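Just below is one structure, and these are the notes that go with it.
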Amino acid sequence: MKLKELNAMHYLLLITLWAISIDTYADRLKDITSIAGIRSNQLVGYGLVVGLDGTGDQSVFTMQSLKSMLSKLGVTIPPGVNPKSKNVAAVSLHAELQPFAKPGQRIDVTVSSIGSAKSLRGGTLLLSPLKGADGNIYAIAQGNVIVGGFGISGNDGSSITVNIPSVGRVPNGAMVERVVNTSFGNGKSLVLNLNATDFTTANRVAESINKSLGEGTAYAMDGTSIKVTAPRDLSQRVAFVSVLENITVMPAEAAAKVIVNSRTGTIVIGKNVRVGAAAITHGNLIVTITSSPEVSQPNEFAGGETVVVPATEINVTEEKSRMFLFNPGTSLEEIVRAINQVGAAPGDLVAILEALKEAGALRANLVVI
């Protein structure tokens with residue numbers, strides 16, 4: 003093989019690797035956007051779970067629901083008589099109706115006890131309607147409840163519980179009965195909404211669509227929405243969206259943020275966080291108080307009494323602290339390295355970041371969750 007051919011193959015390999023690296027960091031539109039008007043809907047309902055092994059509840063509303071159900075099935079209960087069954091539990095139901103769900107399709111249902119039922123294990127959910135926010139019934143739920151947790155108790159009052167036995171699921175337990183209309187086929191355009199608002203990303207999405215489908219096909223309306231011209235015919239529109247959602251785009255880098263979880267001590271520092279010129283020293287003052295009892299024995303001829311008195315000792319020590327200097331434009335790597343060198347704990351790091359923010363040296367938003 004000639005040298006010229008080797009060089010040509012070498013350049014081709016470099017171009018291929020460069021293209022692969024670009025695609026590696028690019029995201030598909032289906033992963034960073036959603037189509038306006040195409041969303042899921044929440045459903046909620048109320049029902050009874052029966053067949054429990056004595057782990058149900060006997061609350062007033064549970065017994066009322068049981069009597070109402072029995073009366074509809076032709077069972078007459080004398081007035082003033084309440085069926086006291088421990089095998090029944092009142093439950094709250096909720097499910098998510100996916101977009102374009104059609105009658106006859108099935109969805110999962112989550113079942114949660116709303117009374118004093120100890121466990122729903124082994125129970126069966128009876129026919130229960132699931133309603134949307136508009137009050138209409140969109141699905142009917144029924145089926146055997148699967149519970150991941152369990153609880154065991156002894157006669158002496160001891161008990162052990164694993165996970166949450168009062169919550170379960172009915173896989174494919176609800177059948178869709180009503181269609182939710184969408185705006186997918188309306189108008190001559192679609193609107194893509196970014197999952198995270200960013201003007202740079204919105205502009206890049208519009209540019210990528212125009213590059214792939216033709217100039218003037220899309221334009222950014224604001225930092226979230228991109229309007230795209232689409233075919234009116236539904237079959238063509240489905241094919242168009244299939245192509246659209248697989249277009250790749252390089253998202254813009256996120257804004258500089260420092261996220262602090264005050265409950266767990268977790269701290270996340272974004273890539274673009276910078277620190278201005280600042281010098282920091284941080285040390286801990288440790289105060290230790292110990293108390294040990296001592297016996298006071300008076301002179302036997304003085305008529306005193308033997309008593310126990312506390313002896314308190316207080317020690318105050320201050321850890322040695324080290325000062326480190328941040329130059330203007332210090333990067334994330336340098337920040338982490340400097341803080342690790344002084345051995346700062348998460349709590350110390352939070353205090354340092356708050357002080358840097360107050361001093362105006364932290365070039366990032368400090369978010370405490």
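All residue numbers for the sequence shown refer to the working numbering, where the first residue is 3 and numbers rise by one.
Glycine residues also receive a C-beta, built at the ideal position from the N, C-alpha and C atoms.
On a predicted model such as this, the values are computed, not experimentally measured, just so you know.
Nearest C-alpha to alanine 97 among Lys32, Leu45, Gly49: Leu45.
With contacts defined by Cβ atoms closer than 8 Å, serine 210 and isoleucine 249 form a contacting pair.
The C-alpha of leucine 196 lies about 36 Å from the C-alpha of aspartate 350. For asparagine 212, the secondary structure class from DSSP, reduced to helix, strand or coil, is helix.
When rounded, the separation of the alpha-carbon atoms in alanine 91 and asparagine 84 is 15 Å. Scanning its chain for C-beta atoms nearer than 6 Å, with the 5 sequence neighbours on each side dropped, one finds around serine 227 the residues Val193, Asn195, in chain order.
Serine 87 and isoleucine 34 have their alpha carbons spaced roughly 51 Å apart.
Fewer than three Cβ pairs drawn from the segment 43-58 and the segment 261-277 lie within less than 8 Å of each other, which leaves the two stretches out of contact. Inter-segment contact for the segment 36-45 and the segment 131-147 is present: three or more beta-carbon pairs are separated by less than 8 Å. Pairing methionine 177 with isoleucine 142, the inter-Cα distance amounts to about 5 Å. Residues Glu247 of the same chain have their beta carbon placed closer than 6 Å to that of lysine 32, with the five preceding and five following residues left out of the count. Take phenylalanine 63, set aside five residues on each side of it, and the residues of its chain with a beta-carbon closer than 7 Å to its own are Ala92, in chain order. In the DSSP assignment, arginine 108 falls outside any alpha helix (DSSP H) and lies within the beta strand (DSSP E) extending over 108-115. Runs of the alpha helix (DSSP H) spanning 4 or more residues and lying entirely within the segment 208-272 occur at 236-246, in chain order.
About 7 Å separates the Cβ atoms of arginine 180 and proline 105, confirming a contact at the 8 Å cut-off.
DSSP lists no bridge partner for isoleucine 79. Beta-carbon to beta-carbon, arginine 123 and valine 149 are separated by about 4 Å, close enough to satisfy the 8 Å threshold.
Using a Cβ distance threshold of 8 Å, aspartate 110 and proline 167 do not count as a contacting pair. For serine 36, the uninterrupted beta strand (DSSP E) run begins and ends at 35-37, by DSSP. The distance from the Cβ of alanine 363 to that of valine 277 is about 6 Å, consistent with a contact at the 8 Å cut-off. The DSSP-derived three-state label of lysine 133 is strand.
Glutamine 66: not part of any beta strand (DSSP E); member of the alpha helix (DSSP H) spanning 62-74, first to last residue.
Bounds of the beta strand (DSSP E) holding glutamine 44 are 43-52. In the displayed model, isoleucine 166 falls within coil according to three-state DSSP, outside both helix and strand. Look at isoleucine 354 here: in three-state DSSP terms it is helix. Burial of valine 243 is indicated by the presence of at least 16 other C-beta atoms within 10 angstroms of its C-beta. DSSP lists Val52, Asn146 as the bridge partner or partners of threonine 126.
Excluding its 5 nearest sequence neighbours in each direction, valine 240 has no C-beta neighbour in its own chain below 6 Å. Collapsing the DSSP output to three states places arginine 180 in coil. Separation of the CB atoms of valine 260 and leucine 368 is rounded to 5 Å, and the pair is thereby assigned contact status at 8 Å. Alanine 279 and alanine 353 have their alpha carbons spaced roughly 18 Å apart.
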